[in-house]
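Structure first, commentary second.
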Amino acid sequence: MLEKLTVKQEKFCDLYVEMGNASEAYRQAYSCDSMKPETINERSSRLLKEYKISTRIKQLQDNLRRKSDITKERILEELSAILNSRITDYLSFKNGRIKFKNFSDLSETQVKAIESIKKGKYGIELKLHGKSWTIERICKMLGYDMPEKREISGEISQLTIFELPDNGRNKNK
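Numbers in my numbering are just positions in the sequence shown, counted from 1, shifted up by 1.
Set out below in structure tokens:
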């Protein structure tokens, strides 16, 4: 059974889940007017490491996740739309001229890749979401950027131990 949180600890957890910033959550949950920023950072970090706090934060995040219906699969689907987009999905190039394709003809997947459309100084500007960030995020979610674990097994037939000279490092002996 999880140990009961104090009112301030519960408020810290709620604010942390809402803002994602431990120091700011600590400032709002506790009276910190006379504290240095370094002290707030250190205390909020220490609080996050407490088992009952981290467990409560995970519970709150899980509740939000269930309510929002956002799954890892859905996030990957959105990221894949960005990754698979091509500028030629939105523009055509003829006789040295650039022409926007009819946006009502775009698929839902193609629309997901658009970050913004605005009227700029020289005409309409279309900005797609960045692919570099998208690739990094997908790799992180799928664990592709995790260090590989390799087990090496076998017998050691001969082990040689060399004793290094002291060179004056152990003067206290």
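The C-beta atom is built at its ideal place from N, Cα and C for all residues, glycine as well.
Residue burial classification, residue i (beta-carbon count within 10 angstroms, cutoff 16)
| i | result |
| --- | --- |
| F163 | exposed |
| C140 | exposed |
| S158 | exposed |
| R179 | Any answer about residue 179 is impossible in this case: the structure gives the chain only from 2 up to 174. |
| I54 | buried |
| L165 | exposed |
| L143 | exposed |
Spatial neighbours of residue i in its chain, beta-carbon cut-off 7 Å, leaving aside the 5 residues before and after
| i | result |
| --- | --- |
| Q62 | V18 |
Separation of residue j from residue i, as counted between CA atoms
| i | j | result |
| --- | --- | --- |
| G99 | A82 | The amino acid occupying residue 99 in the given sequence is Ile; Gly does not appear at that position. Going by the C-alpha atoms only, they are around 23 Å apart. |
| T161 | D167 | 19 Å |
| K119 | K128 | 9 Å |
| Q29 | K5 | 20 Å |
| N96 | K102 | 15 Å |
| E116 | S154 | 50 Å |
| C14 | A26 | 8 Å |
| L92 | Y123 | 16 Å |
| E78 | D70 | 14 Å |
| R151 | Y145 | 15 Å |
| S86 | R66 | 27 Å |
| F104 | F94 | 16 Å |
| K50 | I88 | 45 Å |
| K59 | E156 | 44 Å |
Top-ranked residue by Cα proximity to residue i, from the options
| i | options | result |
| --- | --- | --- |
| A114 | I76, Q60, E149 and S35 | I76 |
| T7 | Y31, G21, N22 and M20 | Y31 |
| L84 | E51, N64 and R138 | R138 |
| K9 | L80, G169, G21 and S45 | S45 |
Contacting residues, own chain, Cβ-Cβ under 8 Å from residue i (five flanking each side not counted)
| i | result |
| --- | --- |
| P38 | S24 |
| E126 | S117, I118, K119 and K120 |
Chain-order list of residues whose beta-carbon lies under 6 Å from that of residue i (same chain, five-residue window excluded)
| i | result |
| --- | --- |
| D90 | Q111 |
Contact test: residue i Cβ vs the ligand COA heavy atom, cutoff 6 Å
| i | result |
| --- | --- |
| E137 | Because no ligand of any kind appears in the structure shown, any question about the ligand COA cannot be addressed here. |
**OP:** For the segment 100-109 and the segment 134-150, state whether three or more C-beta atom pairs, one from each stretch, are separated by less than 8 Å.
**Re:** no
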